[in-house]
Structure formats: C-alpha cells, structure tokens
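Using our numbering, you'd call the opening residue of the sequence shown number 358 and step up by one each time.
Everything on this sheet refers to the single structure shown next.
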Amino acid sequence: MKTLTKFLAVAGFLPLSALAVEFQSPSGNILCSGDEYETGYVSCFIMETENARPPVPQPSSCDADWGQDFGLNRTGRAYMNCYSDFPYNQGARVLPYGQSVNGHGWTCTSQKTGMRCTNKDGKGFLLSRKKQTLF
C-alpha cells in the first residue's frame, strides 16, 4: 500500500502530504512531522523546555518565533526553524520509547532521554525538556 501511495503522490494523483508521517513522544512534549511538504525532510516541535536559551541564537532575519522548531533534511546539518504558526498534529500517533520512524533519508527514535532524529550523513538533533542539541 505504501508503494501505491508513493506512486500516486509522485504521479500527481495525491498530494505529497499523503506520504507524510506524524508522531509524538510518549510525554506529548515533542511533536514531529516528516515528508509532509517535501520528501526527505523531518521537523519536530518541542512544547516546553527548561533551558533559558535555545542552542542557536535567533537570527536577525527571523521576525517570528524561535527556539522550539527543529528541522533536518536527508543530508546536511540540522537547523532551527523560524516559525509563526503551529503546523503539528497534537493527535498524532505516539512513538513508544525505543521505537523508530524511518522516512526518506531520515530516522527518528523515541528515547527516554528525548527524541533523536538523524539523516544519512549522521547529522541531526536530540530534543528533551532539559536540553536541545544539534549535531
């Protein structure tokens, strides 16, 4: 069924969002969406943090919100997103601790220490309430 859905989306019969996967941490504090607007991309939003500053300072080009939205493409370094809306599904399926979701060139694993997402290059991010890390 996945192959048929992918074919129909690529052929233009279904929107690319048909390939999307949405998931959240067991605590509900981290919400993620992958391959939704383009294949080979995952982003996660952390609802609450305990640290005072995000891992990357807000750039002057960002006139919106900063510090809670993280992105990763199938290759290259992870980054933070400037955002003004909340495109995440709070009713998304829960990804139990120790389980992974594999997208097009990325993998996210739910761990008791947080949500870890990596790409084919081994780059990614680890999000937890206490700390958010880009690597």
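C-beta atoms are modelled at their ideal positions from N, C-alpha and C, and glycine is treated no differently.
Residues near K488 by beta carbon distance below 7 Å, same chain, minus five either side: N408
Span of the beta strand (DSSP E), counted from its first residue to its last, around C419: Segment: none, C419 is in no beta strand (DSSP E) and carries neither H nor E.
Cα-Cα separation, A435 to T464: The straight-line gap from Cα to Cα measures roughly 13 Å.
The beta strand (DSSP E) enclosing N430, as first and last residue numbers: D426 to N430
With 16 other Cβ atoms within 10 Å as the buried cut-off, status of R473: buried
Same chain, Cβ closer than 7 Å to I403, five either side skipped, listed in chain order: N386, I387, Q425, L484 and Q489
Euclidean distance between Cα positions of K477 and T432: 6 Å
Presumed contact (8 Å Cβ cut-off) between V399 and L429, rounded CB distance: 5 Å
Closest Cα partner of S390 within the set N459, Q468, T470 and R410: N459
Nearest neighbour of A377, chosen from D392, S384 and P383 [CA to CA]: D392
Other residues of its chain near D422: CB distance less than 6 Å, five sequence neighbours each side excluded: Y440
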